[in-house]
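Undergrad: Taking our numbering, the leading residue of the sequence shown gets 900, the next gets one more, and so forth.
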Amino acid sequence: MVSLIKLCRWLGFTRRSLYYRPKSRKRAINAVLAVRVKLALEGFLSYGYRRLACVLGENRKPIQRILKMKGWQVRKRPQGFRPRARSLPSVTSRPDDRWATD
900 MVSLIKLCRW LGFTRRSLYY RPKSRKRAIN AVLAVRVKLA LEGFLSYGYR RLACVLGENR
960 KPIQRILKMK GWQVRKRPQG FRPRARSLPS VTSRPDDRWA TD
């Protein structure tokens, strides 16, 4: 019995190529569903894939795939930021005046 390392060395290729699995091919777009999605998007411009799935009565995954492949996804709303709350300084007039508790 010969080891895989020796076999690969003799044949002149890497061990990694023994375990290579080709990537699965991209799924084809359902043309009928793509037309329905496009028509629904024209009526509801701000809808994402979840709402479109409810409107069309379809599964959300193929709708999300169509939106992604066609570049029709709705842009994310920018998240604003809230300024930090400024607390009052902890100033006391004498020792043992202010205590912090849990």
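Just so you know, even glycine gets a beta-carbon here, dropped at the ideal spot from N, CA and C.
Is it buried or exposed for residue 948, if we count other Cβ within 10 angstroms and need 16 for buried?
TA: With 16 or more other Cβ atoms within 10 Å, it is buried.
Undergrad: Given a cut-off of 7 Å, decide if residue 951 and residue 962 are closer than it, judged by their beta-carbon atoms.
TA: Yes, the Cβ-Cβ distance between residue 962 and residue 951 is below 7 Å.
Undergrad: So residue 965 and residue 928 are supposed to be a Cβ contact under 8 Å. How far apart are they, rounded?
TA: About 6 Å; that satisfies the 8 Å criterion.
Undergrad: With residue 955 and residue 985 assumed to form a contact (beta carbons below 8 Å), what rounded beta-carbon distance in angstroms separates them?
TA: Actually they do not touch by this definition, with Cβ atoms about 49 Å apart.
Undergrad: What residue from 914, 930 and 921 has the CA that sits closest to residue 968's CA?
TA: Nearest C-alpha to residue 968: 930.
Undergrad: Taking a contact to mean a Cβ-Cβ separation below 7 Å, would you say residue 841 touches residue 907 in this structure?
TA: With the chain represented from 900 up to 1001, any question about residue 841 goes unanswered, as that position is not in the structure.
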